[in-house]
Amino acid sequence: MRRLSPTPPILSLWPALALLPVLISIFISFHNGGATLLWEFICAAVHPSIQAEVVQSGFRGIQITLATALLSWSLSSICGICLGIASARVVWETFLGESWPAIWIRRILAIPRAIHELLWGLLLLQMVGLSPWVAIVAIVIPYTSLVARVVSDQLDTQDRRALRGLKQAGAGSSSALITALGPAMGPVLLSYIGYRLECALRGATVLGVFGLGGIGTDLQLALQSLQFNDVWTALWLLAAVMFSLEQILSLIRRYFKFSKNGIWQIFIMLIVLLILCALSIPWLNAVDINLGEPLHWSPLPLPTVDELVNAIHALPWIQLISSTMLLTVLAAGIAIGTPPLAMMLWPSRLGIAIQRIIWGLLRLIPIPLTALFLLLFSKPSLAVAALALGAHNIGVMGRLLQEGLDQQSDNNLKALSATGAGARSAWLYGCFSGQSRSYLAYAAYRMDVILRETVVVGLVGGTGLGWQLIESLGSFNWAQVSVLITVFTALTLIGESITDRLRYHWTGFTKKLPMVVDLQS
Amino acid sequence: MRRLLDIRGVFVHSSRGSRLNDINLSISSGERVALVGSNGSGKSSLLAVANGSLIPDSGKVLWQNYSTSNLRQRQRQKIGTLWQDLRLVEELNVAQNINSGALANRNLLWALANLLGPIELKACSECLEKVGLSTSVLSAKVSELSGGQRQRVAIARLLRQKPELILADEPLFSLDPILAEEILHLFLDNTMTSDMDEERTLLMSLHQPCFFQHFDRVIALKSGRVVFDQPANCLDEEALALIYGSA
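Heads up: the sequence lines are chains A and B, in that order. When you read off a place in the first sequence, starting at 1, and then add 827, the result is the number in this note's numbering. When you read off a place in the second sequence, starting at 1, and then add 735, the result is the number in this note's numbering.
What follows is the structure, encoded as structure tokens:
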């Protein structure tokens, strides 16, 4: 019997099988009127509302979202760089000769990273009431931790020979670290921090969908009242801002590409972050968002041990955890398998161009809105939640794969095409095979993100830890909230550790992560 | 002899100037042709034009009277190329790489099945044996093989493709003299012992004058132009000076 030894390209396509149960389930629960609504939504894309009040509201909303994103991004980047340096083993080893403080700081930082910004937003909302700071701090907490992790990983995986050489030559610890490790950090930070701005914009939009203001709130209100033309006005505005940001960041990267001085790049970046941070506050004030309003601090009541024990007994853990895992696996399957499957089936230039547009649109629409949109023609179910979560992440994975393919030489594709291989087979062997290993490595990381994001679609799924968490928050059951957050954090950290191993396996590295994973995470 | 490849008035330009300049030549069935010329003379461009992967700026390239830019899959399969950089798929093992030579005759499902676990191992083994490699390397990753083994795998892939015309772009480049001789004989033997009715045709670019005697004909390029196109035994010192000289 032939022994199966699936190769990376086939392992990347395999997860697309998740589409089958999800689509069948949605098809079965498809209800009357759904097709009409779907058609109206598609038609509205080319007829967005141009009524003065809708456009004005959209402009105000996008300004609030953009300023919130800029402020939270710049704050989290500055804090993340500082904490990243503080949690790097190499730094402590150079100063103290021991690395345990770095290990502890990293462990502590793993907790804020494991909790999605939406959850932070909902918790902060309970603590300080409705304030513009809620959205900002909700983004700053997990993003700081994410930036810190990448900074410390990058510092710890650099070659230390130069550092040792400088120390032996009598250089001080600080100057040796800056001279030996600083220059290589410039391009990495520039690329990664730039990417996080796009994430912050998406995060601010999602928080808006949950009532924290900005374009997200406009989108949610318009979709709930079936004003598809208004939805598209907001979506096109969001698309324009995202596209402009992408272009600006790419221009900045291109400008700095020719500057060899990494330290200079970091210095300029910190100055720019501080300036943007300072400018965002008056910008928010200009659109009537008063950051100076006093906060109504009401700390969350600490549950007693008895309450915690009761909460543990009251919740159906097996069902909650298994449905969260199922949701993660289905959404990750859709997100990982669909882009290569679609590109393999339509590898022509036109096909790829259409797919690029679709990936862009899927990235653009916030996950809860995709879920709400799917609910227009389907009953709430785990399948709807998985499709909404998967669809958004298809956009992210599709873009990443396309970028990887664009940077790759097309020599193998030409060679396979010259043998007479069909366009699909030639793409699979000559094009995708070369990218499949790094694609799988990134897919492993993306599974972590998807697990964290299950909380966003919890309500739609009507099941899972995310749903239960929002239910418990709504009923002010702090004991359940505490236990659920603890379990969710533990699950995320276990998932992170498993997917880290998978990443190392796919990239063939034992320590160093592939740059693409670092930069896109 | 049947005419296989016709190149008529072909020009290829690049930002650095002309890569091919008014090329006119034809290759007939069973011919073994050496393509010579100094670095940058246009040999690789000519081979790329011949297999249809490079579209000329003007002129025609015909494969059995059909333009190479519009060939069907089955027709394209008749032209096999050994690229200078081999272009093996590093993620796949030896058997899967050899099978990739047969993609022209197979559908997408077959291509996917081959990625799940190599198939048609008997055919792969036969090709490996013809190039003098043990079948024990069938499941090895190509990235783990030595340079010489990789070259043989690329030739095995070519044999699996079963082309009528083999285009080889400097396959002897950077090989030691003994290995170069071995690889050259693999081509010459496999063109003569083809499992088809007719002999395979070979157009190989190379630099070593000592090997020219093994070919029926020598075509020399200089600055993108054909400066010599005669039987191999007509190649003398004067001709070599013309081909490789600076004037």
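Cβ coordinates follow ideal geometry from the N, Cα and C atoms, glycine included. This structure is a prediction, so every number in the text was calculated from the model and none was measured.
The beta carbon of G882(B) does not come within 9 angstroms of any beta carbon belonging to chain A, so the residue lies off that interface.
Within 9 angstroms of the CB of L1243(A), the CB atoms of chain B belong to R822, V824, S835, L838, in sequence order along the chain. When CB distances to chain B are screened at a threshold of 8 angstroms, not a single residue of the region 1185 to 1217 of chain A falls below it. Any Cβ of chain A closer than 9 angstroms to the Cβ of I790(B) would place that residue at the interface, and such an atom is absent. R737(B) does not reach chain A, its nearest Cβ partner there being about 20 angstroms away, counting only Cβ pairs nearer than 7 angstroms. Chain A has a Cβ within less than 9 angstroms of the Cβ of S874(B).
Under DSSP, F963(B) takes part in a beta bridge, and its partners are A955(B).
Residues of chain B with a Cβ closer than 8 angstroms to the Cβ of L1255(A) are, in chain order, L843, A846, L847, L850. Taking the C-beta atoms as reference points, L1024(A) is found no nearer than 9 angstroms to A1007(A). In the three-state reduction of the DSSP assignment, I742(B) falls in the strand class, which pools E and B. Taking the C-beta atoms as reference points, I1020(A) is found no nearer than 9 angstroms to V967(A). Note that the C-beta distance between L781(B) and L755(B) is below 9 angstroms. Only residues of its own chain outside the window of five on either side were considered, and among them K957, I978, Y979 have a CB closer than 8 angstroms to the CB of S773(B), listed in chain order. For G815(B), the enclosing beta strand (DSSP E) has its first and last residue at 814 to 817. L941(B) sits in coil when the DSSP states are folded into three classes, being neither helix nor strand. Flagged as an interface residue toward chain A: G815(B), by a C-beta distance shorter than 9 angstroms. Closest in C-alpha terms to Q1234(A), from the list L1177(A), P1195(A), G1261(A), comes G1261(A). DSSP places D1275(A) inside the alpha helix (DSSP H), whose first and last residues are 1260 to 1280. Identification of residues in the region 835 to 854 of chain A having a C-beta nearer than 7 angstroms to some C-beta of chain B yields P835, P836, I837, given in sequence order. The region 1128 to 1182 of chain A contains, as complete alpha helix (DSSP H) runs of 4+ residues, the segments 1132 to 1141, 1144 to 1172 (chain order). Non-local beta-carbon contacts of H858(A) in its own chain, meaning distances under 8 angstroms to residues more than five positions away in sequence, involve F1204, S1205, K1206 in chain order. One Cα belongs to Q995(A), the other to S979(A), and the distance between them is close to 23 angstroms. Of the other Cβ atoms in all chains shown, 16 or more fall within 10 Å of the Cβ of G1247(A); this residue is therefore buried. Here the alpha carbon of I1221(A) sits roughly 46 angstroms from the alpha carbon of L907(B). When the beta-carbon positions are compared, G1041(A) and T892(A) come within less than 9 angstroms of each other. In the three-state reduction of the DSSP assignment, I762(B) falls in the strand class, which pools E and B. Rounded to whole angstroms, the separation of the alpha carbons of L823(B) and A1067(A) is 42 angstroms. The C-beta of M1171(A) comes closer than 9 angstroms to at least one C-beta of chain B. By the Cβ neighbour-count rule, M736(B) is exposed, with fewer than 16 other Cβ atoms within 10 Å of its own. Of all residues in the region 760 to 793 of chain B, those with a C-beta nearer than 7 angstroms to a C-beta of chain A are N786, G787, S788, reading in chain order.
For L827(B), the closest Cβ of chain A is nearer than 9 angstroms. Between G852(B) and G836(B), the C-beta spacing is not below 9 angstroms.
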